[in-house]
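Student: Note that my numbering numbers the sequence shown so that position 9 is 18, with each residue one more than the last.
Using N, Cα and C, we set each Cβ at its ideal position, and we do this for glycine too.
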Amino acid sequence: MGLLGDFTKGFAILTGVLWVFAIIGSILNGQIVFTLLLLIVLMIPLSMITLEYLRNRKKQRTNYERR
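1) Quick one, are the C-beta atoms of I58 and A21 less than 8 Å apart?
2) How is G39 classed by DSSP in three states: helix, strand or coil?
3) To the nearest angstrom, how far is it from the Cα of G25 to the Cα of M52?
4) Apart from the five residues just before and just after T44, which ones in its own chain have a Cβ nearer than 8 Å to its Cβ?
5) Roughly how many angstroms separate the alpha carbons of Y62 and L23, rounded to a whole number?
6) Is I49 near the ligand COA, judged by its Cβ being under 7 Å from some heavy atom?
7) For a test of the three-state rule: what should DSSP assign to G25, helix, strand or coil?
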């Protein structure tokens, strides 16, 4: 993976960690409606990232099998 890919991966991990902290913080503050809304909004990019990961994983497997 190149330099740009490493930065992208790190940014995605950092964003995920910050979302988890935001959700935990809002639950502790008693803002359940805000937490549910945050989780629903988070599901869209999370599903897109998961689909891209699975597609790239399948491509890498086929490339290794061809060698």
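Tutor: In brief:
1) The residue you call residue 58 lines up with position 49 of the sequence shown. The residue you call residue 21 lines up with position 12 of the sequence shown. It is a contact, given that the beta carbons lie within the stated cut-off.
2) Sequence index remark: in the sequence shown, residue 39 carries index 30 (1-based). Coil.
3) Within the sequence shown, the letter at position 16 stands for residue 25. Within the sequence shown, the letter at position 43 stands for residue 52. Taking the straight line joining both Cα atoms gives about 11 Å.
4) Here residue 44 refers to the residue found at position 35 of the sequence shown. Correct list, in chain order: I32, S35 and I36.
5) Start at 1 with the first residue of the sequence shown, and residue 62 comes out as number 53. Start at 1 with the first residue of the sequence shown, and residue 23 comes out as number 14. Each residue's Cα considered, the two are about 17 Å apart.
6) The model depicted lacks the ligand COA and carries no ligand whatsoever.
7) As a first step, residue 25 must be located in the sequence shown, where it is residue number 16. DSSP places G25 in helix when its eight states are reduced to three.
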